[in-house]
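A.B. asks: Just passing along the structure, written as structure tokens.
There are 2 protein chains.
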Amino acid sequence: MNSRRAKSDGDGDRPVISRRRISESTIRRLSIYYRALSALEGEGYHTVSSKDLARREKLTPAQVRKDLSFFGSFGTRGLGYPTKELKTRIAAILGVDQTWNVGLIGAGNIGSALVSYKEFQKQGFVINAIFDNDQRKIGSNHKGIVISDIKDLAAEVKKRNIQIVVIAVPAAAAQQACDVAVEAGIKAILNFAPINLKVPNGVTLRTENMAMEIEYLSFTLTNHMRPIPT
Amino acid sequence: MNSRRAKSDGDGDRPVISRRRISESTIRRLSIYYRALSALEGEGYHTVSSKDLARREKLTPAQVRKDLSFFGSFGTRGLGYPTKELKTRIAAILGVDQTWNVGLIGAGNIGSALVSYKEFQKQGFVINAIFDNDQRKIGSNHKGIVISDIKDLAAEVKKRNIQIVVIAVPAAAAQQACDVAVEAGIKAILNFAPINLKVPNGVTLRTENMAMEIEYLSFTLTNHMRPIPT
DNA sequence: TAATATTCGTGAATGAATTCACGACGTGCC
DNA sequence: GGCACGTCGTGAATTCATTCACGAATATTA
Ligand SMILES: NC(=O)c1ccc[n+]([C@@H]2O[C@H](COP(=O)([O-])OP(=O)(O)OC[C@H]3O[C@@H](n4cnc5c(N)ncnc54)[C@H](O)[C@@H]3O)[C@@H](O)[C@H]2O)c1
Ligand SMILES: NC(=O)c1ccc[n+]([C@@H]2O[C@H](COP(=O)([O-])OP(=O)(O)OC[C@H]3O[C@@H](n4cnc5c(N)ncnc54)[C@H](O)[C@@H]3O)[C@@H](O)[C@H]2O)c1
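For the record, the sequence lines run as chains A and B. All letters in the first sequence, in the order written, are residues 7 to 236 by this note's numbering. All letters in the second sequence, in the order written, are residues 7 to 236 by this note's numbering.
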């Protein structure tokens, strides 16, 4: 197991990743493992093998082991992975072992749904500012949060130490909202508008494109295809 | 393991789509092209080259051409693709040149947002039934649609010719809702609950997992990584 | 303690997706 | 028409991701 990681084995710290490029798919699967481990912990399992995890999430054992091996060596041969500890380790890798302050731009349909969504908060993503440009909404109270003018975004970001911004405005306004967030120093943006936003280097953008998902469904229905497992 | 060769047997599907396996990424990019072409058409472009499309959506020209080539040969050498016609062709491939009847299970936060979402309807995805198991909601009118008891799902699916079901119930109830839909003969499901649903062969399931996206963001923030372009 | 059964971790092999590179074909201009 | 140029379509090369397969380490049982 003499891996090429030069780092001496004193790890009790946050793992140093970088070096090797981790694929997007691996990171997404980490989220999957994290949720599975939470469930398994609740079901009383103290250890779990790559085989168990794989079967549960429709993956292969080798994939599970390979993914985890990018970040360290967490298992015990002959036994498997310690459920609770692996969950903790993955939480640290994903950064969900801490609280993130989230700002929401756009207090409309989807924005309201997100504010009411408890799971995000439980995972450590706390919406503590909402921005809009509609004067009728600004100043009103939305689930305990007063809606701010988007013009005050930079100031609020600083004041509340906001690290992530969610964009939930109409597509036509999304690039503008994005620019405001970037200008305020935001490095991570989750976008719900169905367009390709431009962000400078160093800013991570993820776009949640529901149209794409439902069009995938109509494609399979139209072409009588076998589904590709998610 | 995949016994579905499905090749070489002359049984022709309706469209000219090659029987080669089209990758999921290609289909997702088709959605991207479709939206880009709609925009380009609005901007008055009569033709568009793979280079233009690629630059606009941060892809490579070769990728665009390769994707399209799986479905036919739509371009003119030396000139590019005819915007309007290519859009029409992609619409037919994706199946967005027709209307799909969509049933929504779960009239909560996210469900309400979806019902209010005009874009889906414009794209031909029309929600014309809503199901819930909360007696206080059943029978009430939600944006012009009367909420039905989930027990009546099979009957409504038949009556309204529903082809796609959207699941927007709490994770704990999602598998049950899914089973009801499958039992009613539904072949395409869009799931918003953050769990891995089990569906039989022949049913396409897509899961919109927002937790995964936001965890990806916290991963990049935590590890000071370069974003991977979406 | 020894023998057997598991399961991890990881290089190597395989498979899939993307990019390259070039011939074919079309346009536009003189 | 002939030439210069642009762009498609596509097999080949390349890059990237997944799976295989096996040695090493640990657990379990007698
Ligand atoms: N509603 C859905 O279910 C759904 C689903 C998928 C994607 N989306 C996308 O999410 C986005 C929002 O959708 P919605 O249905 O919530 O829309 P909405 O119209 O209900 O809400 C948009 C909000 O953004 C505000 N806004 C507009 N321009 C702004 C600006 N420049 N700065 C700040 N705030 C501004 C509006 O005042 C409004 O409150 C859209 O891009 C939509 O395509 C929505
Ligand atoms: N709210 C969000 O922004 C958001 C974001 C991402 C994912 N989600 C997911 O979407 C799902 C719904 O979230 P929500 O916030 O809308 O929840 P919600 O509690 O507001 O709504 C859920 C609805 O489902 C109904 N329901 C419950 N059990 C049912 C059953 N067995 N059959 C039929 N109907 C049933 C409830 O009566 C309620 O109307 C959850 O799985 C959640 O994790 C929500």
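We treat Cβ as the ideally placed atom computed from N, Cα and C, and that holds for glycine.
May I ask whether a heavy atom of ligand 2 can be found less than 7 angstroms away from the beta carbon of D158/B?
C.D. replies: no
A.B. asks: Does the beta carbon of G48/A come closer than 8 angstroms to any beta carbon on chain B?
C.D. replies: no
A.B. asks: DSSP three-state label for E222/A, please.
C.D. replies: Inspection of the sequence shows that residue 222/A is occupied by Tyr rather than by Glu. DSSP places Y222/A in helix when its eight states are reduced to three.
A.B. asks: Residues with a Cβ closer than 7 angstroms to any heavy atom of ligand 2, in chain order?
C.D. replies: Selection output, chain order preserved: A119/A, L120/A, S122/A, Y123/A, E125/A, I111/B, G112/B, A113/B, G114/B, N115/B, I116/B, G117/B, F137/B, D138/B, N139/B, D140/B, K143/B, I156/B, A174/B, V175/B, P176/B, A177/B, A179/B, A180/B, Q182/B, A183/B, F198/B, A199/B, P200/B and M216/B.
A.B. asks: Measure the CB-CB distance between I192/A and V175/A and report whether it falls below 8 angstroms.
C.D. replies: no
A.B. asks: Measuring only between beta-carbons, confirm whether Y123/B sits less than 8 angstroms from chain A.
C.D. replies: yes
A.B. asks: Output the residue ranges of the beta strand (DSSP E) runs that lie fully inside the segment 165–220 of chain B and measure 3 residues or longer, sorted by chain position.
C.D. replies: Listed in chain order, they are 170–173, 194–197 and 210–213.
A.B. asks: Let's see if you can read the secondary structure: which residues bound the beta strand (DSSP E) around S79/A?
C.D. replies: Premise fails: S79/A is in no beta strand (DSSP E) and is neither H nor E.
A.B. asks: Mind listing the chain A neighbours of P200/B? Cutoff is C-beta to C-beta under 8 angstroms, in chain order.
C.D. replies: R41 and E125
A.B. asks: Whole angstroms is fine: what's the gap from K164/B's alpha carbon to T66/B's?
C.D. replies: 44 angstroms
A.B. asks: Could you check the C-alpha separation between V188/A and R166/A for me, to the nearest Å?
C.D. replies: 16 angstroms
A.B. asks: Does DSSP classify V237/A as helix, strand or coil?
C.D. replies: Any question about residue 237/A goes unanswered here, given that chain A covers just 7 to 236.
A.B. asks: Sort G150/B, R61/B, T94/B and G109/B by Cα distance to A190/B and report the nearest one.
C.D. replies: For the set G150/B, R61/B, T94/B and G109/B, the Cα lying nearest the Cα of A190/B is the one of G109/B.
A.B. asks: Can you name, in chain order, every residue of its own chain whose Cβ lies under 7 angstroms from the Cβ of R25/A, other than the five neighbours on each side?
C.D. replies: Per-residue confidence for R25/A stands at a pLDDT of 48, beneath the threshold of 50, marking its modelled position as unreliable; the derived number appears in the next sentence. Residues of the same chain with their beta carbon placed closer than 7 angstroms to that of R25/A are lacking, with the five preceding and five following residues left out of the count.
A.B. asks: Can you give the Cα-Cα distance for L92/B and G101/B, rounded to whole angstroms?
C.D. replies: Those two C-alpha atoms are separated by around 14 angstroms.
A.B. asks: Just the Cα atoms here: how many angstroms apart are S75/A and G78/B?
C.D. replies: 42 angstroms
A.B. asks: Could you tell me whether any Cβ in chain A is nearer than 8 angstroms to the Cβ of I23/B?
C.D. replies: With a pLDDT of 43 at I23/B, under the threshold of 50, the predicted position of this residue should be treated as unreliable, and no value is reported.
A.B. asks: Are T210/B and A194/B close, meaning C-beta to C-beta below 8 angstroms?
C.D. replies: yes
A.B. asks: How should L196/A be labelled, buried or exposed, when 16 other C-beta atoms within 10 angstroms of its C-beta is the threshold for buried?
C.D. replies: So L196/A counts as buried.
A.B. asks: Figure out for me which residue from E30/A, Q129/A, S154/A and Y123/A has the closest Cα to the Cα of I111/A.
C.D. replies: S154/A
A.B. asks: Mind checking whether G130/A and T105/A have CB atoms under 8 angstroms apart?
C.D. replies: Closer than 8 angstroms, so yes.
A.B. asks: In whole angstroms, what is the alpha-carbon distance linking K143/B and F137/B?
C.D. replies: 9 angstroms
A.B. asks: Under the three-state reduction of DSSP, which class applies to I151/A: helix, strand or coil?
C.D. replies: strand
A.B. asks: With a Cβ-Cβ cutoff of 8 angstroms, do V186/B and H148/B count as a contact?
C.D. replies: no
A.B. asks: Could you tell me the alpha carbon to alpha carbon distance between F80/B and S118/A, rounded to whole angstroms?
C.D. replies: 42 angstroms
A.B. asks: Would you identify the three-state DSSP class for R20/A, choosing helix, strand or coil?
C.D. replies: Annotation note: pLDDT 44 at R20/A (below 50); position unreliable, no value reported.
A.B. asks: Rounded to whole angstroms, what is the Cα-Cα separation between G48/B and P88/B?
C.D. replies: 13 angstroms
A.B. asks: When you compare the CB of G86/B with every CB in chain A, is at least one pair closer than 8 angstroms?
C.D. replies: no
A.B. asks: Would you identify the three-state DSSP class for L85/A, choosing helix, strand or coil?
C.D. replies: DSSP places L85/A in coil when its eight states are reduced to three.
A.B. asks: Under a three-way DSSP split, which group does S14/A fall into?
C.D. replies: Only weak support exists for where S14/A lies, its pLDDT of 30 falling under 50; the value from the coordinates is given anyway. If DSSP states are grouped into helix, strand and coil, S14/A belongs with coil.
A.B. asks: Buried or exposed: which applies to T228/B, given that a residue is buried once 16 or more other Cβ atoms fall within 10 Å of its Cβ?
C.D. replies: buried
A.B. asks: At 9 angstroms on the CB atoms, spell out the chain B contacts of N107/A, in chain order.
C.D. replies: Per Cβ cutoff of 9 angstroms: no residues; N107/A is ~11 angstroms from chain B at best.
A.B. asks: DSSP three-state label for N139/A, please.
C.D. replies: coil
A.B. asks: In this structure, how does DSSP classify I111/B when only helix, strand and coil are distinguished?
C.D. replies: strand
A.B. asks: Tell me the rounded alpha-carbon separation between G18/A and K157/B.
C.D. replies: A caution first: G18/A carries a pLDDT of 32, below 50, which makes its placement in the model unreliable, though a value can still be read off. Between G18/A and K157/B, the C-alpha separation is close to 52 angstroms.
A.B. asks: Going by other Cβ atoms of all chains shown within 10 Å of its Cβ, with 16 needed for buried, is R41/A buried or exposed?
C.D. replies: buried
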